[in-house]
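Q: Got a structure here, written out as structure tokens. Questions coming.
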């Protein structure tokens, strides 16, 4: 199960942070509710891929709520679908409501965006790796990175320690791609790849000659990207080539050429459309008020 990669203490910590953010002190509205037992139903109200269940379960656990999930993560659902039934103290159900809906809507939004982009690449006949980026929402990275996996994409590096990436500012400050690679390798490990962001064929060739592991071709136009990637592969067939910069759902297939190993798009974690969810005390006899 994908959720087994998540640390339970980290999940608990995030759940508590989110709940305290939403109710830092007094919740006067709950003065009329009390501790009577009740059941809520979560509805998915727009089409998409269900994601985010482990994080939602962590919230429920903190509030002594019991979920019964009617669908599994990665399922593609159509509106309006009952996703889960949650039972427990009424006041705790209301404390969980907005936090849970925010998690589900954003997680499922990322997973759905990934699924659409992956499908377009498969239909184009491309066989490489689709990846996200580190341009995540502050404080929400773990959820968005997890949702990338649920949708079928690579997380890319989780943080600065996950891979050595020398970007344009590193090179501008240090002055030489070759020397920069030599220097960071002194402190590196066999377990860490070295990737270099390049804005020209000249820079990419210098990075390859210095034995980097991955070359990122950043902000290349599709035709220039194809020519540059082919040139690199002919001279350095084992180098991994990543295309990045300005890649969206609308243009991604333009970058899907056979010499590109990885396509990364920050739109997967920045520009995704959220999925609409709601939580109701009981299943309504009519869905018009949704």
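Residue numbers (my numbering): 277 to 566. For each residue, glycine too, the CB sits at the ideal point set by N, CA and C. Because the structure is a prediction, the values reported are computed rather than measured.
Helix, strand or coil: how does DSSP classify residue 322 here?
A: Within the chain shown, residue 322 is the residue found at index 46, counting from 1. In the structure shown, residue 322 falls within a coil segment according to DSSP collapsed to helix, strand and coil.
Q: How would you write the range of the alpha helix (DSSP H) that residue 484 sits in, first residue to last?
A: Here residue 484 refers to the residue found at position 208 of the chain shown. Segment 477-485, the alpha helix (DSSP H) holding residue 484.
Q: Helix, strand or coil for residue 435? Go by DSSP, reduced to three states.
A: Translated into the one-based positions of the chain shown, residue 435 becomes position 159. In this structure, residue 435 counts as coil in the three-state DSSP scheme.
Q: For residue 370, which residues from the same chain have a beta carbon less than 7 angstroms from its beta carbon, with the 5 sequence-adjacent residues on both sides left out?
A: Along the chain shown, one-based indexing puts residue 370 at 94. So the qualifying residues of the chain are 306, 309.
Q: Assign residue 291 to one of three DSSP states: helix, strand, or coil.
A: For the purposes of this step, residue 291 is taken as residue 15 along the chain shown, with counting starting at 1. Note: residue 291 maps to helix in three-state DSSP.
Q: Identify which residue in 323, 338, 330, 280 has its Cα closest to the Cα of residue 295.
A: Counting from 1 along the chain shown, the entry for residue 295 is found at position 19. Of the residues 323, 338, 330, 280, the one whose Cα lies closest to the Cα of residue 295 is 338.
Q: Relative to the alpha-carbon of residue 334, which residue among 379, 297, 445, 361 has its alpha-carbon at the smallest distance?
A: Within the chain shown, the letter at position 58 stands for residue 334. Among 379, 297, 445, 361, the Cα nearest to that of residue 334 belongs to 379.
Q: Let's test the definition: count the other Cβ atoms within 10 Å of the Cβ of residue 432 and tell me whether it reaches 16, buried, or not, exposed.
A: Walking along the chain shown from the start, residue 432 turns up at place 156. The residue is buried, with at least 16 neighbouring Cβ atoms inside 10 Å.
Q: On the three-state DSSP scale, how would you describe residue 393?
A: Residue 393 sits at position 117 when you count from the first residue of the chain shown. Residue 393: helix per DSSP, three-state reduction.
Q: Pull up the distance between the alpha-carbon of residue 396 and that of residue 290, whole angstroms please.
A: Numbered from 1 along the chain shown, position 120 holds the residue referred to as residue 396. Numbered from 1 along the chain shown, position 14 holds the residue referred to as residue 290. In a straight line, the C-alpha of residue 396 is about 34 angstroms away from that of residue 290.
Q: So for residue 516, helix, strand or coil by DSSP?
A: Counting from one through the chain shown, the residue named residue 516 turns up at place 240. In this structure, residue 516 counts as strand in the three-state DSSP scheme.
Q: Could you tell me which residues DSSP puts in a beta bridge with residue 556?
A: Here residue 556 refers to the residue found at position 280 of the chain shown. Note: residue 556 sits in a beta bridge opposite 317.
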